[in-house]
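Counting from 4, one number per residue, gives the positions in the sequence shown under the numbering used here.
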Amino acid sequence: GFYDDIMRIISYLPKKRQTLLFSATMPSRIRTMAKTVLHNPQQINIALSQPAVGIDQQIYLVSDHQKTPLVKYLLKNGNYTSIIIFSSTKDRVKSVYKELKQAKFNISAFHSDLEQNEREEILRNFKNKSLPIIIGTDALSRGIDVEGIDLVLNYDVPPDPEDYIHRIGRTARALTTGTAITLVSERDQSRFKSIEELIDREIDRKVLPEEIGEAPVFRPARTGGFDKKRRFNNNRKKS
Numbered sequence: 004g005f006y007d008d009i010m011r012i013i014s015y016l017p018k019k020r021q022t023l024l025f026s027a028t029m030p031s032r033i034r035t036m037a038k039t040v041l042h043n044p045q046q047i048n049i050a051l052s053q054p055a056v057g058i059d060q061q062i063y064l065v066s067d068h069q070k071t072p073l074v075k076y077l078l079k080n081g082n083y084t085s086i087i088i089f090s091s092t093k094d095r096v097k098s099v100y101k102e103l104k105q106a107k108f109n110i111s112a113f114h115s116d117l118e119q120n121e122r123e124e125i126l127r128n129f130k131n132k133s134l135p136i137i138i139g140t141d142a143l144s145r146g147i148d149v150e151g152i153d154l155v156l157n158y159d160v161p162p163d164p165e166d167y168i169h170r171i172g173r174t175a176r177a178l179t180t181g182t183a184i185t186l187v188s189e190r191d192q193s194r195f196k197s198i199e200e201l202i203d204r205e206i207d208r209k210v211l212p213e214e215i216g217e218a219p220v221f222r223p224a225r226t227g228g229f230d231k232k233r234r235f236n237n238n239r240k241k242s
């Protein structure tokens with residue numbers, strides 16, 4: 004998001020300088036930037052925190068066309084009062100927001116096209132609970148600290164597994180409880196498997212509501228490093 008701005012600022016700095024780079028995650032673009040702007044750096048990695056124990060993590064295996072109908076179903080039938088929906092792209096945030104708004108949900112979209120005062124108003128309304136639902140990209144996962152969020156809904160699987168932890172960390176804060184639901188399409192299955200490898204656990208598969216249709220089969224490509232036996236059968240409850 005800020006890559007071009009950072010590189011422009013660095014272009015005005017003297018070549019001989021001390022540079023410290025901090026990042027909550029290290030996706031490939033940040034690693035590339037680090038190689039460009041840092042000279043023989045010393046790297047310090049802090050162990051990634053695990054999701055809070057109070058988070059009830061769930062997934063639904065879905066096809067892309069089932070995602071928005073399922074979101075509507077969950078919002079209508081779930082007992083949630085403060086909800087964040089995450090999507091990985093600004094365009095998808097806008098399109099999902101439009102569909103949910105047309106379905107009469109009280110929701111606002113949070114993205115970079117908004118003016119600063121508009122973003123501040125959305126966050127203010129969300130914090131004071133006059134706005135129950137907000138949808139945004141991963142930038143929102145690090146820019147919001149609101150008590151009482153009881154549902155984080157991942158419309159898609161984040162590109163970086165560590166971003167999953169940042170997303171769902173918006174709920175169950177300060178020893179409370181909350182729910183994190185992730186919608187996993189066929190093309191996101193391998194990405195989701197990487198998340199399970201990172202947090203070293205299998206996340207509960209939920210059965211799709213009958214009116215949403217049949218779920219796809221869970222067949223992720225092998226990513227390596229996670230040899231624990233899978234104890235689930237796609238979208239079937241454990242016996």
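Beta carbons are placed, not taken as given, at the ideal position from N, Cα and C, and that holds for glycine.
Since the structure is predicted, the reported quantities are computational estimates derived from the model, not experimental observations.
Element boundaries [beta strand (DSSP E), containing valine 187]: 181-187
Would serine 197 and proline 164 qualify as a contact pair, given that the criterion is a beta-carbon distance under 7 Å? A contact, by the Cβ cut-off of 7 Å.
Could you give the C-beta distance for glycine 81 and leucine 154, rounded to a whole number, given that I count them as a contact under 8 Å? For glycine 81 against leucine 154, the beta-carbon gap comes to about 7 Å, under 8 Å, which counts as contact.
Kindly give me the distance between the Cβ atoms of isoleucine 152 and arginine 173, rounded to whole angstroms, as I take these residues to be in contact under 8 Å. 5 Å
Among Gln119, Lys93 and Ile87, nearest to phenylalanine 129 - alpha-carbon criterion: Ile87
Nearest-angstrom Cα separation, counted from lysine 18 out to arginine 204: 45 Å
Contacts around glycine 227, its chain only, beta-carbon distance under 6 Å, and the 5 residues preceding and following it disregarded: Confidence in glycine 227 is poor, its pLDDT being 44 and thus under 50, which makes the residue's placement unreliable; the coordinate value appears in the next sentence. Contacts found: none.
Keeping to the same chain, check which residues put their C-beta closer than 6 Å to that of serine 3; ignore five residues upstream and five downstream. This structure cannot settle anything about residue 3, because the visible part of the chain is limited to 4 through 242.
What separation, rounded to the nearest whole angstrom, lies between the Cα atoms of alanine 112 and isoleucine 137? 6 Å
Quick check on DSSP: helix, strand or coil for asparagine 131? coil
Spatial neighbours of valine 40 in its chain, beta-carbon cut-off 7 Å, leaving aside the 5 residues before and after: Ile13 and Thr22
For isoleucine 49 and glutamine 105, what's the separation of their Cα atoms in angstroms? 44 Å
Beta-carbon separation of alanine 218 and serine 193 under 7 Å? no
Enumerated in chain order, which unbroken segments of the alpha helix (DSSP H) with a length of 4 residues or greater are wholly contained in the region 92-122? Counting only runs of 4 or more residues that sit fully inside the region 92-122, the alpha helix (DSSP H) segments are 93-105, in chain order.
For serine 188 versus aspartate 67, is the C-beta distance shorter than 7 Å? Yes.
Spatial neighbours of valine 96 within its chain, please: C-beta separation below 7 Å, excluding the five flanking residues on both sides. Closer than 7 Å at Cβ, skipping near neighbours: Ser90, Ala112, His114, Ile138, Gly139 and Thr140.
Reference arginine 20; option with closest CA among Asp191, Asn43, Arg32 and Asn109: Asn43
To the nearest angstrom, report how far apart isoleucine 47 and leucine 103 are at their CA atoms. 43 Å
Could you give the uninterrupted runs of the beta strand (DSSP E) lying entirely in the region 30-83, keeping only those of 3 residues or more? As far as the region 30-83 is concerned, its whole beta strand (DSSP E) runs of at least 3 residues are 58-64.
If you draw a straight line from the C-alpha of leucine 64 to the C-alpha of leucine 16, how long is it? So the two alpha carbons sit approximately 48 Å from each other.
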